[in-house]
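A short worksheet on the structure shown next.
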Amino acid sequence: EGIVAKALEVYGEIFVLAHIAGGLRRRNLAVVTEDDWDYQMNVNLRSGFFLNRAVGAAMIERKTQGRIINCTSTAWMTGPMNGSDAYVAAKGGVVTMTRGFAGQFGPHGIRVNVLAPGQIDTPMQHDDNDPKIVANATAACPLRRMGQPEELARAVLFLASDNASFINGATLNVSGGLLMY
Numbered sequence: 005e006g007i008v009a010k011a012l013e014v015y016g017e018i019f020v021l022a023h024i025a026g027g028l029r030r031r032n033l034a035v036v037t038e039d040d041w042d043y044q045m046n047v048n049l050r051s052g053f054f055l056n057r058a059v060g061a062a063m064i065e066r067k068t069q070g071r072i073i074n075c076t077s078t079a080w081m082t083g084p085m086n087g088s089d090a091y092v093a094a095k096g097g098v099v100t101m102t103r104g105f106a107g108q109f110g111p112h113g114i115r116v117n118v119l120a121p122g123q124i125d126t127p128m129q130h131d132d133n134d135p136k137i138v139a140n141a142t143a144a145c146p147l148r149r150m151g152q153p154e155e156l157a158r159a160v161l162f163l164a165s166d167n168a169s170f171i172n173g174a175t176l177n178v179s180g181g182l183l184m185y
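Written out as structure tokens, the structure reads:
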């Protein structure tokens with residue numbers, strides 16, 4: 005709430021929130037600690053819940069027909085792999101949370117959607133991943149490459165634009181075909 009109050013103080017209004025937080029601690033299910041679980045939930049789900057709620061309330065109070073864009077992962081649908089069980093549980097929660105806020109805020113003209121990126125070429129993909137895992141995931145993608153951060157940014161811009169004016173509560177797959185449904 006403090007960051008929202010500061011943004012309102014400086015800018016007077018919030019038109020778009022893009023909550024693109026993500027953090028991953030790879031742990032096999034059998035060894036996930038409460039600290040690991042709490043970390044995944046706090047970074048990937050809890051922070052988004054309270055930020056969405058505070059920004060949505062500010063938009064409603066000011067009658068701003070804004071946009072809120074969250075970020076999950078294709079893994080919310082495909083399931084965990086390589087020790088990402090707690091991460092995937094949190095990212096699945098982001099999808100459900102987004103749908104809840106879309107239903108609550110929609111009548112106020114506020115659209116809430118979520119991006120589901122596949123492999124995006126960021127430090128998180130390389131820092132704690134075995135290079136073979138990265139290579140296999142890249143090979144599994146029909147486009148045979150990782151997405152670039154700029155490509156994910158363009159998806160955010162699309163959902164924030166009037167081109168997406170009738171999209172609410174949706175999950176936009178940005179995976180190069182890694183996930184098809």
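5 is the number of the first residue of the sequence shown in the numbering used here; add one for each residue after it.
For glycine and all other residues, C-beta sits at the position ideal for the given N, C-alpha and C.
Sequence-distant residues of the same chain with beta carbon closer than 8 Å to Thr126, five excluded per side | Here the set comprises Pro153.
Terminal residues of the beta strand (DSSP E) in which Cys119 lies | The question names Cys, yet the displayed sequence has Leu at residue 119. Under the DSSP assignment, Leu119 falls in the beta strand (DSSP E) whose first and last residues are Arg115 to Pro121.
Tell whether a beta-carbon distance below 7 Å holds between Ala94 and Gln44.
-> Judged by beta-carbon spacing, Gln44 lies within the 7 Å limit of Ala94, meaning their Cβ atoms are closer than that value.
Coarse secondary structure for Asn88, derived from DSSP in three states = In the sequence on display, residue 88 carries Ser and not Asn. Ser88 falls in the strand class under three-state DSSP.
Candidates Arg149, Phe109, Met184 and Glu5, of which the one nearest Ile72 by Cα = Taking only the C-alpha atoms, the option nearest Ile72 is Phe109.
Just the Cα atoms here: how many angstroms apart are Ile124 and Tyr15?
-> In a straight line, the C-alpha of Ile124 is about 31 Å away from that of Tyr15.
Taking only beta-carbon atoms, is Arg50 less than 7 Å away from chain C?
-> No chain C appears in the structure shown, which is made up of a single protein chain.
Return the bridge partner residues of Lys31 from the DSSP annotation.
-> According to the sequence provided, residue 31 is Arg. The question's Lys does not apply to it. BP columns for Arg31 point to Ser88.
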